[in-house]
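Numbering that gives the first Met the number 0 puts the sequence shown at residues 0 to 257.
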Amino acid sequence: MSNTKTSNHNRRAIVTGGTRGIGRAIVKELASRSCCGVLFSDVAFVYNSCDECAEELMSEIDYPGTKIFGFKADATSLEQAQATVNEAIEKLGGVDILINNAGITRDNLLLRMTEKDFDDVINANLKSVFNYTKAVIKPMINQKYGRIVNIASVVALIGNPGQSNYVASKAGVIGFTKAMARELASRGITVNAVAPGFIQTDMTQKLTDDQKQKLVQNIPMGRMGTPQDVAKVVAFLCSKDADYITGQVISVDGGMAM
Ligand code: NAP
0 MSNTKTSNHN RRAIVTGGTR GIGRAIVKEL ASRSCCGVLF SDVAFVYNSC
50 DECAEELMSE IDYPGTKIFG FKADATSLEQ AQATVNEAIE KLGGVDILIN
100 NAGITRDNLL LRMTEKDFDD VINANLKSVF NYTKAVIKPM INQKYGRIVN
150 IASVVALIGN PGQSNYVASK AGVIGFTKAM ARELASRGIT VNAVAPGFIQ
200 TDMTQKLTDD QKQKLVQNIP MGRMGTPQDV AKVVAFLCSK DADYITGQVI
250 SVDGGMAM
């Protein structure tokens, strides 16, 4: 799937889970942005199942000077991640930016949580970060440049009942981010995490109105965030203005964790 416009000097980004919610906003932000030291980016987005979402996104992106490619691949598979990254690099002409955003929830109290619920969430949220990071670091090391942003969550910082699988996966993402930041800093590659609070997407759409109302009461800014709130911070971390930032966890949560 492709929507090609020609350009010579764009940054080249891969975004996992790019078809919906936060990932979709990140794809649009990277493809459309040319201020604050960020060039336009050509973007390869990865999704798991929703072909209509991918087609809709391709049709919505019509920014002059950017190339957009969609790849259907399961981020939990290292083999598929490697193949997708190879194909994306071929189409984009390289890779400068990786956004590890794909994620799922399978909420339940631990007493009722199945082994599959635990494994599925760890695989989609944490193993996928290992898979895509492993697939991109060789070309990034060779070019001595890379920007990696991992999407964690506020609950990794403060905990949340009914989400032991999800919280463990996102705490793992934060640990992985810091380890990679130390491994790759001398190679010109920064690795940071963004920890969103409660953001209006399909993921939080599953919550009841009562649950949402209770959550909003715990947000100092008194509202849920938007996918764009997160995407702008991700784009900043990929920009020249953030060249000296690595190993950090930036909360975008209306003040929930402080
Ligand atoms: P979302 O609306 O449910 O979208 C999830 C995206 O990830 C979709 O594009 C989905 O593709 C993709 N995806 C899921 N599993 C995948 C897999 N195995 N391989 C490839 N792609 C996969 O979720 P969201 O709310 O935007 O969340 C995005 C990220 O932010 C997640 O990591 C989430 O944990 C994190 N986050 C969200 C919130 C929030 O309040 N929404 C808060 C904190 C952190 P398909 O549609 O094709 O399945």
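All residues carry an ideal CB built from backbone N, CA and C; glycine is no exception.
Residue environment, residue i, which counts as buried when at least 16 other CB atoms sit within 10 Å
i           : result
residue 113 : exposed
residue 257 : exposed
residue 286 : Not covered by the structure: residue 286. The range shown for the chain is 0 to 257.
residue 62  : buried
residue 195 : buried
residue 110 : exposed
residue 51  : exposed
residue 168 : buried
residue 165 : buried
residue 54  : exposed
residue 58  : exposed
residue 191 : buried
residue 240 : exposed
residue 115 : exposed
residue 78  : exposed
residue 282 : Because the chain here runs from 0 to 257, residue 282 falls outside it and cannot be looked at.
residue 85  : exposed
residue 162 : buried
residue 9   : buried
residue 108 : exposed
residue 243 : exposed
residue 66  : buried
residue 152 : buried
residue 254 : exposed
residue 7   : Its pLDDT being 47, under 50, residue 7 is placed unreliably in this model, and the value from its coordinates should be taken loosely. When all chains shown are included, residue 7 counts as exposed.
Own chain residues within Cβ distance below 6 angstroms of residue i, not counting five before or after
i           : result
residue 99  : 15, 128, 131, 149
residue 24  : 226, 227, 230
residue 11  : 41, 91, 93, 94, 95
residue 19  : 52, 201
residue 188 : 139, 145
residue 44  : 14, 17, 26, 69
residue 106 : 161, 162
residue 22  : 14, 16, 100
Residue(s) in a DSSP beta bridge with residue i
i           : result
residue 97  : 13, 147
residue 224 : 198
Residue range of the beta strand (DSSP E) that includes residue i
i           : result
residue 74  : Run containing residue 74: none; DSSP gives neither H nor E here.
residue 200 : From DSSP, residue 200 is part of no beta strand (DSSP E); its letter is neither H nor E.
residue 238 : No beta strand (DSSP E) contains residue 238, which DSSP labels as neither H nor E.
residue 191 : 188-195
residue 249 : 248-251
Cβ shell of residue i (< 8 angstroms), same chain only, five flanking positions each side left out
i           : result
residue 232 : 193, 249, 251
residue 80  : 72, 74, 127, 130, 131, 133, 134
residue 199 : 223, 224, 225, 226
residue 159 : 165, 166
Residue interval of the alpha helix (DSSP H) (run including residue i)
i           : result
residue 43  : No alpha helix (DSSP H) contains residue 43, which is instead part of the beta strand (DSSP E) from 40-46.
residue 29  : 20-31
residue 132 : 127-142
residue 180 : 163-183
residue 56  : 50-59
residue 121 : 114-121
residue 157 : 154-157
residue 213 : 208-216
Proximity test, residue i beta-carbon vs the ligand FMN heavy atom, cut-off 6 angstroms
i           : result
residue 121 : This structure does not include the ligand FMN; its bound ligands are the ligand NAP.
Residues of its chain near residue i, where Cβ-Cβ distance is below 7 angstroms and the 5 sequence neighbours each way are ignored
i          : result
residue 31 : 62
Does the region 176-193 come within contact of the region 220-227, defined as at least 3 CB pairs closer than 8 angstroms?
no
Within the chosen definition, does the region 202-219 reach the region 179-190 through at least 3 CB pairs nearer than 8 angstroms?
no
Three or more beta-carbon pairs under 8 angstroms between the region 116-128 and the region 69-80, yes or no?
yes
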